[in-house]
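Here the sequence shown is numbered in this note's numbering, starting from 134 and rising by one per residue. Beta carbons are placed, not taken as given, at the ideal position from N, Cα and C, and that holds for glycine. Everything numeric in this text was worked out from a predicted model, so none of it was measured. Structure first, then comments.
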Amino acid sequence: MIFASAFSAWDVCLLLIKRGADITYKAPDGTTIQDFVDLFEKDNKGTNQMDTTDFDELKAIIRKQKPDNSLLKWRNITLLRALTKLSSASTKFV
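Structural data, given as structure tokens:
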């Protein structure tokens with residue numbers, strides 16, 4: 134699905150989702166389908182050069198199933214800050 138989204142093959146992405154593909158999959162480099170959706174939307178904003186029905190349907194599916202990670206991000210930042218303080222405090226005693 135990552136490969137299909139890289140080439141804006143939104144119809145293929147929809148087919149793969151209907152066949153059970155994981156829309157939250159991350160490629161080894163961290164790329165997700167959401168990255169390509171955002172890029173396509175940015176690059177094609179305001180243009181009417183093509184039919185975006187499949188793209189709009191895919192975007193709706195992704196947005197609906199996208200988890201809210203704001204609390205998780207906040208927890209990770211808080212934990213990172215605490216570990217940084219702990220790390221700097223322990224080096225003072227060494």
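- In the DSSP assignment, alanine 137 falls within the alpha helix (DSSP H) that extends over 135-139.
- Annotated as distal: isoleucine 195 and isoleucine 135, with beta-carbon spacing of 7 angstroms or more.
- Inclusion of alanine 139 and phenylalanine 169 in the CB contact set at 7 angstroms is warranted, their separation being smaller than that value.
- Aspartate 184 and proline 161 have their C-alpha atoms roughly 31 angstroms apart.
- Between alanine 193 and threonine 180, the alpha-carbon positions lie close to 19 angstroms from each other.
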